[in-house]
Amino acid sequence: MFPTRLLAAAAAGFLLAAAPADSPVNVPEPEGFHTGPQQGYTPPTLTGATVLAIDGLDRLVADSAPVLIDVAMADRRPAGMAADKPWLPAHRSIPHAVWMPGAGAAPLDPAHEALFLRRVAELTGGDKAKPIVTFCHPDCWGSWNAGKRLVQAGYTRVHWFPTGIEGWQESHETAVLKQDAAWAARPASEAQR
Amino acid sequence: MKPFAAALALSLSLSVPAAAWLTGPAQAAGASDTDAERLARWQEIRTSIFGDKAVAETDSLIKVDAPARALDAALVPITLTMPEKDRIAAIHLVIDDNPSPYAAHITFGPAADPAEIKLRVRVNNYTNIHAVAETKDGKLFETTKFVKASGGCSAPMGMSDEEAMKGMGDMRMKFAEAGAGKATEATLMIRHPNFSGMQMNQITRDYTPARYIQKVVVAQGPRNILTLDGDISIASNPVINFAFLPEGSAPVTVTASDNQSGRWEHSFPVPSPSN
Numbered sequence: 001m002f003p004t005r006l007l008a009a010a011a012a013g014f015l016l017a018a019a020p021a022d023s024p025v026n027v028p029e030p031e032g033f034h035t036g037p038q039q040g041y042t043p044p045t046l047t048g049a050t051v052l053a054i055d056g057l058d059r060l061v062a063d064s065a066p067v068l069i070d071v072a073m074a075d076r077r078p079a080g081m082a083a084d085k086p087w088l089p090a091h092r093s094i095p096h097a098v099w100m101p102g103a104g105a106a107p108l109d110p111a112h113e114a115l116f117l118r119r120v121a122e123l124t125g126g127d128k129a130k131p132i133v134t135f136c137h138p139d140c141w142g143s144w145n146a147g148k149r150l151v152q153a154g155y156t157r158v159h160w161f162p163t164g165i166e167g168w169q170e171s172h173e174t175a176v177l178k179q180d181a182a183w184a185a186r187p188a189s190e191a192q193r
Numbered sequence: 194m195k196p197f198a199a200a201l202a203l204s205l206s207l208s209v210p211a212a213a214w215l216t217g218p219a220q221a222a223g224a225s226d227t228d229a230e231r232l233a234r235w236q237e238i239r240t241s242i243f244g245d246k247a248v249a250e251t252d253s254l255i256k257v258d259a260p261a262r263a264l265d266a267a268l269v270p271i272t273l274t275m276p277e278k279d280r281i282a283a284i285h286l287v288i289d290d291n292p293s294p295y296a297a298h299i300t301f302g303p304a305a306d307p308a309e310i311k312l313r314v315r316v317n318n319y320t321n322i323h324a325v326a327e328t329k330d331g332k333l334f335e336t337t338k339f340v341k342a343s344g345g346c347s348a349p350m351g352m353s354d355e356e357a358m359k360g361m362g363d364m365r366m367k368f369a370e371a372g373a374g375k376a377t378e379a380t381l382m383i384r385h386p387n388f389s390g391m392q393m394n395q396i397t398r399d400y401t402p403a404r405y406i407q408k409v410v411v412a413q414g415p416r417n418i419l420t421l422d423g424d425i426s427i428a429s430n431p432v433i434n435f436a437f438l439p440e441g442s443a444p445v446t447v448t449a450s451d452n453q454s455g456r457w458e459h460s461f462p463v464p465s466p467s468n
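Heads up: the sequence lines are chains A and G, in that order.
In terms of the numbering used here, the first sequence has 30 at position 30, counting the first letter as 1, and numbering is strictly consecutive.
Converting from the second sequence to the numbering used here requires adding 193 to each position, the first position being numbered 1.
Structure follows, in structure tokens:
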């Protein structure tokens, strides 16, 4: 009588239109960016970038101090919630990551895209060979798109960490992150979701 | 539970400076930041709910039990136990790292037997869960447990909103056998999606607006059993286990209302005591 919630069922449901219906977990890379819903099965690869599991990320962090870029969406106060309810979102993520929520959206407002690339240029000190890691959550296209964006921008050591925050917190402590200040100051855009 | 989590759960129940309770050699560098951060988070929430009122730690007035690692973050079972039930006036449940942390406030009426409450919640991230007992003399006592689960607030229900809202407000109640003069255990099930407002419709990419049970009043005749103030952190199709002290043959009535216009009332005949 009381049905269970199934993320997989929901994800598979909409992927029927976008991916081979018989293999929802073997999603091919799209031509350019993924412009569908951010939540959904992602490809196993990202051409031009290295896909990391947690041990690979651990080694990279230990050896090369990469720039960590979190593009997970910020929680928004739900419409229709009583005004007297405390709303205190805290974004837990990989310590020392730079959080630019929504930077993996596609299409992305051109001004926001320029700001994203400018921030990455600042964070890498203009070194296109500086290791960078993009991540958000499992089954989240935002970090795939963000990685793709950086590959297209000419970064040569882009890494994508698909299991994201959840993959990290399995074995590591998280930290509460504030939005990157420059990113938080961007003008609002209709394109953001 | 990992040693860290156990240490953390223990640490947070002690009101000592952060530096003093970090003793485990296995803890990674930066763990002190994390512990201090989690403590600061609790203090922020505590102040927003209870203001300047003192909240003392307890290991006897209230206990919170939950799976250390939840199978389904949208449906995490919580058991609150109040061994000294005669002293308890109300309980508060806080899920620290949920964006809307104040999950439930339950006050007990004269017909309650507040020894144990069970309910199911959404957990957004690895988090401390705080249970606070309010005694009849107005004092507050807290205990905590670290729970590993994530994504519970935004997890879609796996069906259309229309389907999820079918039969909204339907209720069932199950009573456990009770001997004469004993407390009767009851399980109340309310059909309601309890939309968190953080769940995205996969096709339209719109957020389903929050629609959640705000208040549930349970009584036998004129005698109140409990009043629950709910929140988006309560799982869909809320289920609550409680116990009450039946008196006479009046039915148990339940009135539930949500943050929109939904209001539902049902009454359930109380089983006659068996000897």
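Here a beta-carbon is modelled for each residue, glycine too, at the ideal position from N, C-alpha and C.
Item                                                                                                                                                             : Value
Tell me the DSSP secondary structure of E29(A) in three-state form.                                                                                              : coil
If you reduce the DSSP assignment to three classes, tell me which class N434(G) lands in.                                                                        : strand
How many Å lie between N430(G) and R404(G) at the Cα?                                                                                                            : 12 Å
Assuming H91(A) contacts L177(A) under a Cβ cut-off of 8 Å, what Cβ separation, rounded to an integer in Å, is found between them?                               : 5 Å
Report the partner residues of S450(G) according to the DSSP bridge assignment.                                                                                  : K408(G), R456(G)
Can you tell me which of T35(A), R77(A), P95(A), L88(A) puts its alpha carbon nearest to the alpha carbon of F135(A)?                                            : P95(A)
Which same chain residues, not among the five before or five after S460(G), have their C-beta less than 8 Å away from its C-beta?                                : P444, V445, T446, V447
How close, in whole Å, do the beta carbons of L333(G) and K256(G) come, if the pair is a contact with beta carbons under 8 Å?                                    : Rounded, the Cβ-Cβ distance is 16 Å, inconsistent with contact.
Contact criterion: CB-CB distance below 8 Å. Does G390(G) meet it with respect to chain A?                                                                       : yes
Does DSSP put P462(G) in a helix, in a strand, or in coil?                                                                                                       : coil
Using Cβ-Cβ distances below 7 Å, what residues of the stretch 74 to 108 of chain A are close to chain G?                                                         : D75, P78, A79, G80, M81, A82, K85, P86, W87, L88, P89, A90, R92, P95
Comparing C-alpha positions only, which one of A233(G), A296(G), K278(G), D258(G) sits nearest to K408(G)?                                                       : A296(G)
Would you call the stretch 414 to 433 of chain G and the stretch 308 to 327 of chain G touching, i.e. three or more CB-CB distances under 8 Å?                   : yes
Using 8 Å as the Cβ pair cut-off and three pairs as the minimum, do the stretch 289 to 309 of chain G and the stretch 354 to 372 of chain G touch?               : no
If we define contact as Cβ-Cβ less than 8 Å, is S293(G) a contact residue for chain A?                                                                           : yes
Closer than 8 Å, CB to CB, is V27(A) near chain G or not?                                                                                                        : no
Can you list, in chain order, the residues of the stretch 150 to 179 of chain A whose Cβ is nearer than 8 Å to any Cβ on chain G?                                : I165, E166, Q169, H172, E173, T174, A175, V176
Compute the beta-carbon to beta-carbon distance between I238(G) and P86(A), rounded to the nearest angstrom, for a pair I have assumed lies under 8 Å.           : 7 Å
Please state whether the Cβ-Cβ distance between W168(A) and T42(A) is less than 8 Å.                                                                             : no
Would you be able to state if there are at least three C-beta pairs under 8 Å between the stretch 109 to 125 of chain A and the stretch 75 to 84 of chain A?     : no
For I284(G) and V325(G), which I take to be in contact (beta-carbon distance under 8 Å), what is that distance rounded to the nearest angstrom?                  : 7 Å
Applying the criterion that 16 or more other CB atoms from any shown protein chain within 10 Å of the CB defines a buried residue, is I418(G) buried or exposed? : buried
Going by the beta-carbon positions, is the gap between R456(G) and S465(G) smaller than 8 Å?                                                                     : no
Return the bridge partner residues of F161(A) from the DSSP annotation.                                                                                          : Note: F161(A) sits in no beta bridge, so no partner.
Our contact map puts P276(G) next to A259(G) with C-beta atoms below 8 Å; I'd like the distance itself, whole angstroms only.                                    : About 18 Å; that fails the 8 Å criterion.
Does G318(G) have its Cβ less than 8 Å from a Cβ in chain A?                                                                                                     : The residue you asked about is not Gly; residue 318(G) is Asn in the sequence shown. Interface residue, yes.
If you measure from the beta carbon of E370(G) to each beta carbon in chain A, is any gap under 8 Å?                                                             : no
Taking a contact to mean a Cβ-Cβ separation below 8 Å, would you say D306(G) touches K329(G) in this structure?                                                  : no
Taking the runs of the beta strand (DSSP E) that are 3 residues or longer, which of them lie wholly in the stretch 267 to 349 of chain G?                        : 269 to 274, 281 to 288, 295 to 301, 309 to 314, 320 to 328, 333 to 340
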